[in-house]
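Asks: Residue numbers (full-length UniProt numbering): 1 to 143.
If you scroll down you'll find the structure; I have some questions about it.
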Amino acid sequence: MSEPGRGGQNSPDTDDLSWFRGGRITRGKSQSKEPEKPLPPLGPVAVDPKGCVTIAIHAKPGSKQNAVTDVTAEAVSVAIAAPPSEGEANAELCRYLSKVLELRKSDVVLDKGGKSREKVVKLLASTTPEEVLEKLEKQVEKK
Numbered sequence: 001m002s003e004p005g006r007g008g009q010n011s012p013d014t015d016d017l018s019w020f021r022g023g024r025i026t027r028g029k030s031q032s033k034e035p036e037k038p039l040p041p042l043g044p045v046a047v048d049p050k051g052c053v054t055i056a057i058h059a060k061p062g063s064k065q066n067a068v069t070d071v072t073a074e075a076v077s078v079a080i081a082a083p084p085s086e087g088e089a090n091a092e093l094c095r096y097l098s099k100v101l102e103l104r105k106s107d108v109v110l111d112k113g114g115k116s117r118e119k120v121v122k123l124l125a126s127t128t129p130e131e132v133l134e135k136l137e138k139q140v141e142k143k
C-alpha cells in the first residue's frame, strides 16, 4: 500500500513532474499560439470573439416604414414599422435587416437589448463587417 498523500496519477508527490511547468499546470497540448483577438470595431459593426458579425442598433419603433436612417460611429439608426410591444418591433427589425443584408431571416438574431432601443444584432452567416457596413450605408443613401 502507498502512504497517504502519495500515489495518484497527477499528484505532485510523484517523481514525474512533467505536468508542472514554471508554476502553472499544463495538461494536454500546450497552447503556443496566442488567443485570437477580436477585430477592431468598424464603427457600429464589429466581430465578436466567436467570429460572428455584430451590429449596434438604435431602434426607432412605431415608424411609418422600415428604413436605415443613419450610420454613426456608435450605432446604426433603424426606423421600424411595428409597435414596440410583445417583441413585434424586434421581429420586424430582424426581418428588415435580413432583407437589407441579403441574408436568411434565421441568420439575423437579436443578441442584446430585447426591451431597449439600444440593441445588438448578431449575424450568424459568414459575412464581413465591411460588406455589412457597405450595405447599410447604401440604404441610408436611398432615403
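We treat Cβ as the ideally placed atom computed from N, Cα and C, and that holds for glycine.
Treat the numbers as computed from the prediction; the structure is a model and nothing was measured.
Please name the residue or residues paired with V78 in a DSSP beta bridge.
Replies: Looking at the DSSP assignment, V78 forms a beta bridge with A59 and V68.
Asks: Does DSSP classify K112 as helix, strand or coil?
Replies: Three-state DSSP puts K112 in a strand.
Asks: Do you know whose CA, among P44, A89, T72 and L110, lies nearest K64's CA?
Replies: Residue A89 is the option with its Cα nearest to K64.
Asks: Flag this pair as yes or no: are the beta carbons of L110 and V100 separated by less than 7 Å?
Replies: Not closer than 7 Å, so no.
Asks: Within 10 angstroms of its Cβ, does T128 collect 16 or more other Cβ (buried), or is it exposed?
Replies: Exposed: under 16 other Cβ atoms inside 10 Å.
Asks: Please state the DSSP three-state secondary structure of K142.
Replies: Three-state DSSP puts K142 in a helix.
Asks: For D107 and I57, what's the separation of their Cα atoms in angstroms?
Replies: Roughly 16 Å between the two C-alpha positions.
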